[in-house]
Amino acid sequence: MPRKIIIDTDMGVDDALALIFAAKLPEVQIDAVTTVSGNVHVDQATENALKILDVLGKKNVLVGRGAAKPLARSHVHSQEIHGRNGLGDSGLPEPQLRTVYDDGVGLLIQRVLAARKGEVTLVTIGPLTNVAQAFTREPRLADRLDRVVIMGGAYGLTRYGRGGNVTSEAEYNIYEDPEAAEIVFHSNARITAVGLDVTMNPSAALTRQHIDHLASKGTVVSDVIRKVTANMVSRWGLVYLHDPIAIAAAVDKTLLRTEKHMVDIDVTEKGIGRTTIIRRDESSSATGHEIDIAVNIDAKRFIDMFLEAVASS
Ligand code: RIB
Ligand code: CA
Numbered sequence: 023m024p025r026k027i028i029i030d031t032d033m034g035v036d037d038a039l040a041l042i043f044a045a046k047l048p049e050v051q052i053d054a055v056t057t058v059s060g061n062v063h064v065d066q067a068t069e070n071a072l073k074i075l076d077v078l079g080k081k082n083v084l085v086g087r088g089a090a091k092p093l094a095r096s097h098v099h100s101q102e103i104h105g106r107n108g109l110g111d112s113g114l115p116e117p118q119l120r121t122v123y124d125d126g127v128g129l130l131i132q133r134v135l136a137a138r139k140g141e142v143t144l145v146t147i148g149p150l151t152n153v154a155q156a157f158t159r160e161p162r163l164a165d166r167l168d169r170v171v172i173m174g175g176a177y178g179l180t181r182y183g184r185g186g187n188v189t190s191e192a193e194y195n196i197y198e199d200p201e202a203a204e205i206v207f208h209s210n211a212r213i214t215a216v217g218l219d220v221t222m223n224p225s226a227a228l229t230r231q232h233i234d235h236l237a238s239k240g241t242v243v244s245d246v247i248r249k250v251t252a253n254m255v256s257r258w259g260l261v262y263l264h265d266p267i268a269i270a271a272a273v274d275k276t277l278l279r280t281e282k283h284m285v286d287i288d289v290t291e292k293g294i295g296r297t298t299i300i301r302r303d304e305s306s307s308a309t310g311h312e313i314d315i316a317v318n319i320d321a322k323r324f325i326d327m328f329l330e331a332v333a334s335s
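Quick note: to get our numbering, add 22 to the position in the sequence shown (first position is 1).
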């Protein structure tokens with residue numbers, strides 16, 4: 023029985039790769055995609071999701087437009103990384119007409135409540151604005167989910183996680199909406215956090231050689247992958263697969279080693295978006311909800327899984 027997932031995304035380059043990866047995995051059934059402002063504005067993110075779903079021929083995946091801005095701050099995009107359109111400024115065809123639910127948060131709530139308890143895994147690969155709103159609007163939601171797999175944070179648990187990627191300390195998805203992250207991390211949801219600690223491991227990144235290997239397949243999908251990654255590959259020689267690793271973590275827990283920790287989310291101006299492990303020791307009266315944090319990835323097995331899936335017909 024495939025794992026039913028809902029993907030909440032800000033539809034940048036690695037989000038597009040994550041959507042392709044999830045759609046191609048036989049173990050996965052994408053029930054819905056909800057979009058949120060992050061790498062690009064939510065309207066652009068929604069258009070990008072429709073474009074990629076069209077390429078994949080996924081006409082039955084429900085799409086809901088979510089939050090246009092963070093809970094308590096203005097939107098800060100990352101077009102300098104992902105391109106003005108979020109897809110590496112690739113010229114993918116305009117999306118075909120399909121229904122888009124205007125209340126993406128409402129769609130998320132409705133789909134989870136319509137499923138059996140524990141049937142749905144929520145994979146978040148953008149800022150957590152939609153999820154925080156959903157948990158606030160529907161307090162039953164967190165416990166109804168099997169798990170929330172969150173691409174976000176930098177926890178200092180490996181050398182890759184000892185710094186941020188948007189400030190010296192903060193990872194982008196948490197930085198963009200720390201108030202939302204605080205609500206989600208302190209909910210009663212079962213959380214697996216996939217942070218820079220594993221996603222910045224270069225052995226788990228997509229290289230020029232990988233993309234050339236895929237392009238040799240001559241499929242529509244491999245051509246789309248080549249187009250959306252071209253700018254990043256020319257600038258950095260590789261594409262960090264932050265979001266596809268979160269998809270993999272939702273499908274095969276054995277790919278990652280995790281540790282249980284409580285986490286503090288910094289919402290102050292000085293350290294905004296910093297994610298700090300709270301060491302539970304004798305003196306601290308820290309109370310709160312431990313989450314599973316990824317501390318290692320079987321990079322070769324992940325890359326092989328990714329390449330095999332996206333190359334499949
Ligand atoms: O820090 C990496 C995350 O921020 C990824 O989800 C990427 O798409 C951006 O949203
Ligand atoms: Ca993303």
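Yeah, the Cβ is synthetic: ideal placement off N, Cα and C, and Gly gets one too.
Setting aside the 5 residues that flank it on each side, LEU93 is surrounded in the same chain by THR151, ALA154, ASP199, GLU201 and ALA202, each with a C-beta closer than 7 angstroms to its C-beta; the list follows chain order. Secondary structure note for ALA272: its alpha helix (DSSP H) is the uninterrupted segment 264-273. ALA192 is not a Cβ neighbour of GLY183, given a cutoff of 8 angstroms. Under the rule that a run must span 4 or more residues, the alpha helix (DSSP H) segments found entirely inside the region 149-187 read 151-159 and 163-166. GLU193 has its CB nearer than 7 angstroms to a heavy atom of ligand 1. In the structure shown, ARG87 adopts extended strand secondary structure according to DSSP, grouped into three states. Three or more beta-carbon pairs drawn from the region 52-61 and the region 75-85 are found closer than 8 angstroms, and the two stretches are therefore classed as touching. Using a 10 angstroms sphere on the CB of ARG120, the tally of other CB atoms stays under 16, which defines it as exposed.
Here the region 313-325 lies against the region 216-231, with 3 or more beta-carbon pairs under 8 angstroms apart.
DSSP, reduced to helix, strand and coil, places GLU204 within a helical segment of the structure shown. The C-alpha of VAL243 is placed about 39 angstroms away from the C-alpha of GLU312.
In this structure PRO266 is buried. Its beta-carbon is surrounded by 16 or more other beta-carbon atoms within 10 angstroms. A distance criterion of 7 angstroms places the beta-carbon of SER112 beyond contact range of ligand 1, judged by its closest non-hydrogen atom. Under DSSP, the beta-bridge partners assigned to ILE28 are ALA54 and LEU144. Within 10 angstroms of the beta-carbon of PRO24 lie fewer than 16 other beta-carbons, which makes it exposed. Shortest gap from the CB of MET254 to any heavy atom of ligand 1: 7 angstroms or more. Secondary structure of ILE74 (DSSP, three-state): helix. Judged by DSSP secondary structure, THR214 falls within the beta strand (DSSP E) whose first and last residues are 213-216. By the CB criterion at 8 angstroms, GLY86 and LEU135 fall outside the cutoff. Taking the Cα of ILE287 as reference, the smallest distance to any Cα among HIS208, VAL64 and ARG181 is reached at HIS208. In chain order, the residues that have a beta carbon nearer than 7 angstroms to some heavy atom of ligand 2 are THR31, ASP32, GLY34, ASP36, ASP37, GLY60, ASN61, ILE147, GLY148, MET173, ASN195, HIS264 and ASP265.
Beyond the five residues adjoining it in sequence on each side, GLY110 comes within less than 8 angstroms, by CB distance, of VAL35, HIS104, LYS249, VAL250, THR251, ALA252, ASN253 and MET254 in the same chain, given in chain order.
Closest in alpha carbon position to ARG166, among ASN187, ILE213 and LEU179, is ILE213.
Between GLY88 and VAL64, the C-beta gap is smaller than 8 angstroms, which places the two residues in contact. Minimum Cα-Cα distance from ARG133 among the listed residues LEU260, ASN107, VAL58 and ARG162 corresponds to ARG162. Residue pairing from DSSP places THR229 in a beta bridge opposite LEU260.
Here ARG296 is buried: its Cβ has 16 or more other Cβ atoms, across all protein chains shown, within 10 Å.
Listed in chain order, the non-local C-beta contacts of ILE294 below 7 angstroms within the same chain comprise ALA192, TYR197, PRO200 and ASP288, local neighbours out to five positions each way being set aside. Comparing alpha-carbon positions, the option among VAL170, LEU236, GLU102 and THR298 lying closest to ILE28 turns out to be VAL170.
For HIS235 and ILE205, the gap between their C-alpha atoms comes out near 42 angstroms. Residue pairing of GLU281 in beta bridges, as defined by DSSP: ILE315. In the structure shown, the three-state DSSP call for THR251 is helix.
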